[in-house]
Amino acid sequence: MLSYPPDGSDLPEPWEPIADESRSLEFPRVMGELFGGYEADASLSAELQRECCPAHPLRDRTCVPVAAARDDPNEFLFVTDHPEYAIAFVHLTWSVERDRMFPYTVGYGSWEAFRRAWQKSRA
Numbered sequence: 010m011l012s013y014p015p016d017g018s019d020l021p022e023p024w025e026p027i028a029d030e031s032r033s034l035e036f037p038r039v040m041g042e043l044f045g046g047y048e049a050d051a052s053l054s055a056e057l058q059r060e061c062c063p064a065h066p067l068r069d070r071t072c073v074p075v076a077a078a079r080d081d082p083n084e085f086l087f088v089t090d091h092p093e094y095a096i097a098f099v100h101l102t103w104s105v106e107r108d109r110m111f112p113y114t115v116g117y118g119s120w121e122a123f124r125r126a127w128q129k130s131r132a
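To get the working numbering, take the position in the sequence shown, counting from 1, and add 9.
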């Protein structure tokens, strides 16, 4: 079962809820057009699946983007149907990856576990 954040105000810094997924895709589209070589998919969920190799833990999982980092246009939080990655921090690469280490992903079993770990890493 997917566990959505209880309230956007409960997200630690620098996270903000994703109100409009297309805004989160503006940066990669512009960079792709400027430098060529890659194009973002039509949604963050589709982009995540495009990037994940078959061995990546989020490959073929339901993943819904719920928050974006204000300080890095490549970092997102997804809620997923993976029991060990109920909340997944993902740093998208905007490339098709062959290594299960990319896109870089850290899984949390709950919102509380994510919040505690994130605040501890920022202290």
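All C-beta atoms, glycine included, are put in the ideal place defined by N, C-alpha and C.
Local conformation of L53 per DSSP, three classes: To locate residue 53, count along the sequence shown from 1; it is residue 44. DSSP places L53 in helix when its eight states are reduced to three.
L57 vs E84 beta-carbon contact at 9 Å: Mapped onto the sequence shown, residue 57 falls at position 48. Mapped onto the sequence shown, residue 84 falls at position 75. No. Outside cutoff.
Own chain partners of V115 with C-beta closer than 6 Å, once the 5 adjacent residues on each side are dropped: Here residue 115 corresponds to residue number 106 of the sequence shown, with the count starting at 1. These residues qualify, in order along the chain: F98.
Counted within 10 angstroms of its Cβ, other Cβ atoms place E60 as buried (16 or more) or exposed: As a working note, residue 60 is residue 51 in the sequence shown. When all chains shown are included, E60 counts as buried.
Inter-residue CB distance, D80 and P23 (contact presumed, cutoff 8 Å): On the sequence shown, position 71 is the one that residue 80 refers to. On the sequence shown, position 14 is the one that residue 23 refers to. That belief holds up - the Cβ atoms of D80 and P23 are roughly 5 Å apart, short of 8 Å.
Of the residues F123, S130 and K129, the one placed nearest D19, counting alpha carbons only: On the sequence shown, residue 19 is found 10 positions in, with the first residue counted as 1. Selected option, being the one with the closest Cα: F123.
Beta strand (DSSP E) segment containing E25, residue limits: As a working mapping, residue 25 is identified with position 16 in the sequence shown. Unbroken beta strand (DSSP E) run through E25: W24 to P26.
Contact set for V73: own chain, Cβ-Cβ below 7 Å, skip 5 residues either direction: Taking the first residue of the sequence shown as 1, we reach residue 73 at position 64. Excluding positions up to five away in sequence, the list reads L11, S54, F87 and V88.
Straight-line Cα distance separating Y94 from S119: Here residue 119 refers to the residue found at position 110 of the sequence shown. Here residue 94 refers to the residue found at position 85 of the sequence shown. Answer to the nearest angstrom: the Cα atoms are 8 Å apart.
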